[in-house]
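Peer 1:
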Amino acid sequence: MNRLRALTGTLLATATMVAATLGVVTPATAAPAGLPGMDVSSYQGNVNWSAAWNNGARFAYVKATEGTYYTNPYFAQQYNGSYNAGMIRGSYHFARPDTTTGATQANYFVDHGGGWSKDGRTLPGALDIEYNPYGATCYGLSQSAMRSWIASFVNQYYARTGRWATIYTTTDWWTTCTGNYSGFAATNPLWLARYAGTVGTLPAGWATYSFWQWASSGTFPGDQNVWNGTLDRLRVLACNGPC
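Residue numbering for the sequence shown follows my numbering, starting at 26 and increasing by one per position.
(1) Check for me: the alpha helix (DSSP H) holding Ser-75 runs from which residue to which?
(2) Where Tyr-220 and Phe-236 are concerned, what is the direct C-alpha to C-alpha distance, given to the nearest angstrom?
(3) Assuming Asn-253 and Thr-223 make a contact with CB atoms under 8 Å, what is their CB distance in whole Å?
(4) Restricting to Cα atoms, I'd like to know which of Cys-202, Ile-192, Gly-204 is closest to Leu-217.
(5) Run through the DSSP bridge pairs and tell me what Lys-88 is partnered with.
(6) Please state whether the Cβ-Cβ distance between Val-179 and Ala-190 is less than 7 Å.
(7) So, using beta-carbon positions, are Gln-249 and Ala-240 closer together than 7 Å?
(8) DSSP three-state call for Leu-60: helix, strand or coil?
(9) So what's Val-224 in DSSP terms, helix, strand or just coil?
(10) Suppose the cutoff is 7 Å on Cβ atoms and the five residues either side in sequence are ignored; what does the same chain contact list for Ala-210 look like?
(11) Just the Cα atoms here: how many angstroms apart are Thr-244 and Ala-77?
(12) With three or more C-beta pairs closer than 8 Å as the rule, is the stretch 99-108 touching the stretch 126-133?
(13) Using only the alpha-carbon positions, how far apart do Val-65 and Tyr-117 sit?
(14) When the Cα atoms are used, what is the spatial distance from Leu-37 to Ser-242?
(15) Hey, could you find the ends of the beta strand (DSSP E) Asn-71 is sitting in?
(16) Check for me: the alpha helix (DSSP H) holding Leu-259 runs from which residue to which?
(17) Is DSSP giving Phe-245 helix, strand or coil here?
(18) Could you work out which residue in Ala-170, Ala-89, Tyr-183, Thr-147 is closest to Met-112 when comparing CA atoms only?
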């Protein structure tokens with residue numbers, strides 16, 4: 026999300042160039058079908074959650090951590106505030122595969138806000154694995170090494186929480202840096218980033234997406250998202266079945 030957020034101005038000014046970078050055609054101009062939601066980080070600061078709820082947001086993902094060196098200073102206000110406003114909420118971790126192992130970062134995530142509870146209002150944590158805002162696109166890892174890193178993260182997250190993490194990515198990055206690996210699709214929900222009028226081609230293995238981040242700004246603070254289903258189905262994901 027860091028890279029996509031940084032590219033917001035470019036998306037608006039030079040859509041053709043960004044299309045080549047992110048594999049998109051044109052930015053979406055209207056909310057796609059689905060349950061509206063949002064994701065936020067420290068960029069948004071203290072969020073007016075009641076206003077977001079009144080405007081229609083029913084879920085939120087909140088950045089908790091990055092690597093093993095950063096925690097969102099606004100996490101409590103954002104994570105608890107979204108819950109108190111009535112939303113189904115979850116937390117996400119920005120991956121730094123060039124710094125420490127996937128398992129190490131999964132532990133850091135769980136220990137700093139990335140846990141899960143079967144309360145019907147908490148989504149499984151999400152792994153934000155995407156373009157490197159600090160250097161080489163694939164963090165200096167081969168495709169096989171990247172696949173191993175992601176497996177290390179999601180397996181450790183499962184060991185700690187009993188849930189398979191949602192994977193946030195773009196089709197372009199996933200193809201470039203994992204070789205379009207299909208092996209996580211059976212267990213990990215897909216949260217696709219694509220700023221376009223259609224969701225486009227999905228990464229290999231996923232027959233559909235769970236979440237779609239379709240714009241970097243709009244009605245709600247932060248990025249604009251939809252859940253590919255009804256509120257009742259989102260509760261099923263939050264509960265890992267019936268609550």
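Ideal Cβ placement from N, Cα and C applies to all residues, glycine included.
As the structure is a computational prediction, the values presented were derived from the model and not from experiment.
Peer 2: With the given structure in hand:
(1) 74-79
(2) 13 Å
(3) Contact flag wrong, Cβ pair sits at about 13 Å.
(4) Ile-192
(5) Tyr-117
(6) yes
(7) yes
(8) Strand at Leu-60.
(9) coil
(10) Gly-230, Trp-231
(11) 8 Å
(12) no
(13) 10 Å
(14) Residue placement at Leu-37 is flagged as unreliable, the pLDDT there being 29, under the threshold of 50; the coordinate-derived value follows with that caveat. C-alpha separation (whole angstroms): 11 Å.
(15) Per DSSP, Asn-71 belongs to no beta strand (DSSP E) and is neither H nor E.
(16) Residues 256-264.
(17) coil
(18) Thr-147
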